[in-house]
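Residue numbers for the sequence shown follow my numbering, beginning at 41 and rising by one. Each residue gets a CB set at the ideal place from its N, CA and C atoms; glycine is no exception. Worksheet for the structure shown next.
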Amino acid sequence: MNRDKNIIIESGKADKEYWKDIWRFRELFYFLTWRDVKVRYKQTAIGLIWALIRPFLTMIVFTVIFGKMANLPADGNAPYAIMVFAALLPWQLFANSLSSSSNSVVNSANLISKIYFPRMIIPASSIVTSFVDFAISFIILIGMMIYFQFVPSINVIYLPLFVLLAVMTAFGVGLVVSALNVHYRDFKYIIPFVVQMGLYISPVGFSSSVVPEKWKLLYSLNPIVGVIDGFRWCILGENVTFYIPGLIASIVISIVMMVIGIKTFRSMEKTFADAI
Numbered sequence: 041m042n043r044d045k046n047i048i049i050e051s052g053k054a055d056k057e058y059w060k061d062i063w064r065f066r067e068l069f070y071f072l073t074w075r076d077v078k079v080r081y082k083q084t085a086i087g088l089i090w091a092l093i094r095p096f097l098t099m100i101v102f103t104v105i106f107g108k109m110a111n112l113p114a115d116g117n118a119p120y121a122i123m124v125f126a127a128l129l130p131w132q133l134f135a136n137s138l139s140s141s142s143n144s145v146v147n148s149a150n151l152i153s154k155i156y157f158p159r160m161i162i163p164a165s166s167i168v169t170s171f172v173d174f175a176i177s178f179i180i181l182i183g184m185m186i187y188f189q190f191v192p193s194i195n196v197i198y199l200p201l202f203v204l205l206a207v208m209t210a211f212g213v214g215l216v217v218s219a220l221n222v223h224y225r226d227f228k229y230i231i232p233f234v235v236q237m238g239l240y241i242s243p244v245g246f247s248s249s250v251v252p253e254k255w256k257l258l259y260s261l262n263p264i265v266g267v268i269d270g271f272r273w274c275i276l277g278e279n280v281t282f283y284i285p286g287l288i289a290s291i292v293i294s295i296v297m298m299v300i301g302i303k304t305f306r307s308m309e310k311t312f313a314d315a316i
């Protein structure tokens, strides 16, 4: 006797089953990542070039304003332009990851309303896409080092750790915002403003050494500060001002944000299909 077997997949599973589902749907993760990359650059006249021009122009503006006009000191013996660009790399990775992940769930409304899969795959795939711009920008940094005849520090071997820290920070915040954005669409206007403000209050155009000692710990509560200082330490060498308590604060805040982000996203995930 043949019996029909129906497999019903529901979103309200135990945590261990949820993480297994993420692995089972890994092909969907690959597909969404590749889709985002194609959409980002396909049928755009200067899409790839813009990924080169934007950070390069930002570096020139910051170098002129902070390095020439304000005459702020550079870290170590590195040219001011390289110091700025070494900070733009993690900032761009963080900002692009946060911006793309915060809108990712809303932008995938048609997919979410039709089938079940672990929704966390969506913001995760959007963050991977940000690595494309990061890789392109890194080519500019290599070109600048050749032009200025600057040899990076041996500390560069630790660079992947700070890349991971930047992604963790963006992913944690992105999970919270992407979940809230489903119910409160105001966040799509708030995030660009926050990202723009963060560019100027973070030590991108200037060195963290200009921050008074008594304010350094408070300033380091901005988790991207430790990431930026870490990037500069990896690339520019031992002469870079590296505030260890600030790095510890960045790591702790990033981990806390990851935990909060996962819990918030998981608690709101089951209502996405109805609210979106």
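Name the residue from Leu112, Ile167, Ala118 and Ile231 whose alpha carbon lies nearest to the alpha carbon of Val203.
As a working note, residue 203 is residue 163 in the sequence shown. If we check each option's Cα against that of Val203, Ile167 comes out closest.
Check whether the segment 229 to 245 and the segment 157 to 166 touch, using three or more Cβ-Cβ pairs below 8 Å as the test.
no
Give me the Cα-Cα distance between Phe282 and Asn117, rounded to the nearest whole angstrom.
Position 242 of the sequence shown, counted from the first residue, corresponds to residue 282. Position 77 of the sequence shown, counted from the first residue, corresponds to residue 117. Approximately 15 Å, taken between the alpha carbons.
Rounded separation between Ile194 and Thr311 - CA only:
One-based indexing of the sequence shown puts residue 194 at position 154. One-based indexing of the sequence shown puts residue 311 at position 271. Straight-line Cα distance between these residues: approximately 49 Å.
Mapping the DSSP letters down to three states, classify Ser247 as helix, strand or coil.
Numbered from its first residue, the sequence shown carries residue 247 at position 207. Of the three classes helix, strand and coil, the one that applies to Ser247 here is coil, per DSSP.
Look at Pro163 and Ser137 and say whether their C-beta atoms are less than 7 Å apart.
Taking the sequence shown and counting its residues from 1, one reaches residue 163 at position 123. Taking the sequence shown and counting its residues from 1, one reaches residue 137 at position 97. Against a cut-off of 7 Å, the Cβ pair of Ser137 and Pro163 comes out as no contact.
Should Gly183 go down as buried or exposed, given a rule of 16 or more other Cβ atoms within 10 Å for buried?
What you label residue 183 is simply residue 143 of the sequence shown in a count that begins at 1. The residue in question, Gly183, is exposed, as its Cβ has fewer than 16 Cβ neighbours within 10 Å.
Does the segment 255 to 269 come close enough to the segment 289 to 306 to have 3 or more Cβ pairs within less than 8 Å?
yes
Residue nearest to Val77 in terms of C-alpha spacing, selected from Ser249, Thr169, Val265 and Gly270:
As a position in the sequence shown, residue 77 is number 37, starting the count at 1. Checking every option, the nearest Cα to that of Val77 belongs to Thr169.
Compute the Euclidean distance between the alpha carbons of Pro113 and Gly107, then round it to the nearest angstrom.
What you label residue 113 is simply residue 73 of the sequence shown in a count that begins at 1. What you label residue 107 is simply residue 67 of the sequence shown in a count that begins at 1. Taking the straight line from one Cα to the other gives about 7 Å.
Residue interval of the alpha helix (DSSP H) (run including Leu261)
For the purposes of this step, residue 261 is taken as residue 221 along the sequence shown, with counting starting at 1. It is not in any alpha helix (DSSP H) - Leu261 carries neither H nor E in the DSSP assignment.
Secondary structure at Ala110, three-state DSSP: helix, strand or coil?
As a first step, residue 110 is located in the sequence shown; it is residue number 70 there, counting from the start. It is coil, neither helix nor strand.
Once the 5 residues before and after Ser248 are set aside, which same chain residues still bring their CB inside 7 Å of it?
For the purposes of this step, residue 248 is taken as the residue at position 208 of the sequence shown. Around Ser248: Val265, Asp269, Thr281 and Tyr283.
Kindly indicate which three-state DSSP category Phe202 falls into: helix, strand or coil?
Working through the sequence shown from its first residue, we reach residue 202 at position 162. It is helical.
CA-to-CA distance, Phe171 to Phe69, given in whole angstroms:
Indexing the sequence shown from 1 puts residue 69 at position 29. Indexing the sequence shown from 1 puts residue 171 at position 131. Distance between the alpha carbons of Phe69 and Phe171: 15 Å.
Quick check: Gly214 and Ser307, are their CB atoms within less than 7 Å of each other?
To locate residue 214, count along the sequence shown from 1; it is residue 174. To locate residue 307, count along the sequence shown from 1; it is residue 267. No.
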